[in-house]
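Encoded as structure tokens, the structure appears first; notes follow it.
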Amino acid sequence: MVEVAHTSWYRQGTVTVTINSSKVYGNGTKWLTAGINPGATFRLDRQLYDCEVKEVISDTELELAAPFYGNSGGGLSYSIDRNFQSTLPSKLAADLTDLAGKYESYIDEDMMRIEGKSAYQLAVEAGYSGTQSQWLESLKAGGDWSALDTRTDILNYHNAGTHNAHYRGKNLGTSLTEAQSAAIRAGTFADLYVGDSWTVTVPSYNWTDGEGEEHESSGTVTFRIAGFDYYLRAGDSELQTHHAVIVPDTNLYTARMNPTNSTEGGYVGSEMYTENLKRAKALISAAFGDNHILTHREFLQNAVTNGRPSGGFQ
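Residue numbers in the sequence shown follow this note's numbering, run continuously in steps of one, and reach 982 at the last position.
Here it is as structure tokens:
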């Protein structure tokens with residue numbers, strides 16, 4: 669291993685960056701030779717941009733952990749805040765390991781010294797004459813512990829917070845029952861927990877594809893509970909109905925975002941939003957019935973500039 673000078677910043681040469689590309693090319697740089705490591709921070713001078721270095725490919729090429737989102741350009745000044753974790757001198761690393769081992773042995777010795785007498789030994793010194801087993805049996809009180817059991821058993825509480833905190837993974841059957849629906853509407857979510865699922869045989873349903881052609885589909889889908897009351901009291905018009913959020917275990921189907929490589933109109937203007945989601949809505953309605961489906965408002969982007977959202981609507 670070649671050990672390098674432990675200076676914090678590296679600024680030699682200039683760089684060329686391209687929008688939406690994670691590659692950075694250097695001119696007059698010595699990144700590999702200088703020991704720049706993955707995890708270092710790459711910054712462009714006079715720009716509010718920094719990113720983690722994912723890989724140093726050569727003295728003049730490195731890859732960032734995420735694509736560059738600023739303006740493309742060349743001959744730019746930059747700086748790299750090094751990460752010396754992988755170039756820690758071997759002797760220092762060995763010394764730290766040895767020190768940690770000695771510390772653990774000292775702690776073990778101290779614990780042995782302060783361990784002291786057991787509770788049973790103290791009881792004998794105080795006049796107890798029975799065996800250790802008899803003494804342990806005598807500690808079992810005959811009092812009423814029911815109140816404490818009720819207060820400490822969190823599963824006795826039925827609300828979104830409790831049921832969100834417990835993953836169970838139980839198969840709930842092939843359809844949403846009236847009892848399950850009532851528990852959801854009441855906000856108790858009795859016998860329903862995160863990870864529980866229904867395996868629903870979806871009856872035939874009709875949908876229209878992006879080309880305007882009518883289709884009829886059916887199938888079997890496993891829907892799993894992902895959470896309870898996630899959208900409760902959210903939105904500019906509050907959602908005030910208790911609910912369960914469910915997700916399919918696998919993709920419902922495959923559809924394209926747009927017919928061309930375009931971000932015009934943002935997500936709201938995409939073919940996915942205007943056409944392809946119709947099939948998902950029809951499938952879910954067929955599986956659970958419209959009377960069990962809620963709607964809520966989301967803020968969605970409807971414009972993109974230089975690869976970033978620049979407008980939206982609810």
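We put the CB at the ideal spot given by N, CA and C, even for glycine.
(request) With DSSP as the reference, please indicate the residues paired to residue 866 in a beta bridge. (result) 891
(message) In the DSSP assignment, the alpha helix (DSSP H) including residue 788 goes from what residue to what residue?
(response) 787 to 793
(message) What does the alpha-carbon distance come out to for the pair residue 800 and residue 914?
(response) 55 Å
(message) Since residue 841 and residue 803 should fall inside the 8 Å C-beta cutoff, what is the C-beta to C-beta distance between them, to a whole number of angstroms?
(response) With 8 Å as the limit, residue 841 and residue 803 do not qualify as a contact, their Cβ atoms being about 52 Å apart.
(request) Whole angstroms is fine: what's the gap from residue 939's alpha carbon to residue 906's? (result) 29 Å
(message) Going by DSSP in three states, residue 922 sits in which element: helix, strand or coil?
(response) coil
(request) Keeping to the same chain, check which residues put their C-beta closer than 6 Å to that of residue 709; ignore five residues upstream and five downstream. (result) 718, 749
(request) Starting from the Cα of residue 729, find the closest Cα among 741, 695, 743, 735 and give me that residue. (result) 695
(message) Using the three-state DSSP reduction, which class does residue 698 fall into: helix, strand or coil?
(response) coil
(request) Measure from the C-beta of residue 905 to each C-beta in chain B and report whether the shortest distance is under 8 Å. (result) No chain B is part of this structure, which consists of one protein chain only.
(message) Determine whether the beta carbon atoms of residue 862 and residue 891 lie at a separation below 8 Å.
(response) no
(request) Excluding the 5 residues preceding and the 5 following residue 884 in the sequence, name in chain order all residues of the same chain whose CB lies nearer than 6 Å to its CB. (result) 872, 874
(message) Quick check on the burial criterion: 16 or more other C-beta atoms within 10 angstroms. Buried or exposed for residue 854?
(response) exposed
(request) Return the first residue and the last residue of the alpha helix (DSSP H) that residue 956 is part of. (result) 945 to 956
(message) Alpha carbons only, please: which of 897, 970, 793 is nearest the one belonging to residue 826?
(response) 897
(request) Look at the alpha carbon of residue 794 and the alpha carbon of residue 768, and state the distance between them as a whole number of angstroms. (result) 42 Å
(request) Pull up the DSSP beta-bridge partners for residue 691, would you. (result) 731
(request) Classify residue 826 as helix, strand or coil using the three-state DSSP reduction. (result) coil
(request) Report the three-state DSSP secondary structure of residue 935 (helix, strand or coil). (result) coil
(request) Could you tell me the distance, in whole angstroms, from the CA atom of residue 957 to the CA atom of residue 922? (result) 23 Å
(message) So if DSSP puts residue 914 in a beta bridge, which residue, or which two residues, is it bridged to?
(response) 893
(message) If you reduce the DSSP assignment to three classes, tell me which class residue 643 lands in.
(response) The displayed coordinates of the chain run from 669 to 982. Any statement about residue 643 would go beyond what the structure contains.
(request) Compare the C-alpha of residue 919 against each of 948, 807, 962, 691 and name the closest. (result) 948
(message) Mapping the DSSP letters down to three states, classify residue 831 as helix, strand or coil.
(response) helix
(request) Pull up the distance between the alpha-carbon of residue 942 and that of residue 924, whole angstroms please. (result) 12 Å
(request) Check residue 971 in the structure and name its three-state DSSP category. (result) strand
(request) To the nearest angstrom, report how far apart residue 828 and residue 954 are at their CA atoms. (result) 27 Å
(message) Counting C-beta neighbours from all protein chains within 10 Å, is the total for residue 851 16 or more, i.e. buried, or is it exposed?
(response) buried
(request) Over the uninterrupted beta strand (DSSP E) stretch that includes residue 804, give me the two end residues. (result) That residue, residue 804, is in no beta strand (DSSP E); its alpha helix (DSSP H) goes 800 to 806.
(message) Taking the beta strand (DSSP E) that residue 748 belongs to, which residues open and close that run?
(response) 746 to 749
(request) Select from 945, 937, 838 the residue whose C-alpha is nearest the C-alpha of residue 893. (result) 838
(request) Can you check DSSP and say which residues form a bridge with residue 726? (result) 729
(request) Assign residue 769 to one of three DSSP states: helix, strand, or coil. (result) helix
(request) Within its chain, find whatever has a CB closer than 6 Å to the CB of residue 983; leave out the 5 residues flanking it on each side and keep chain order. (result) What is shown of the chain runs 669 to 982, which leaves residue 983 out entirely.
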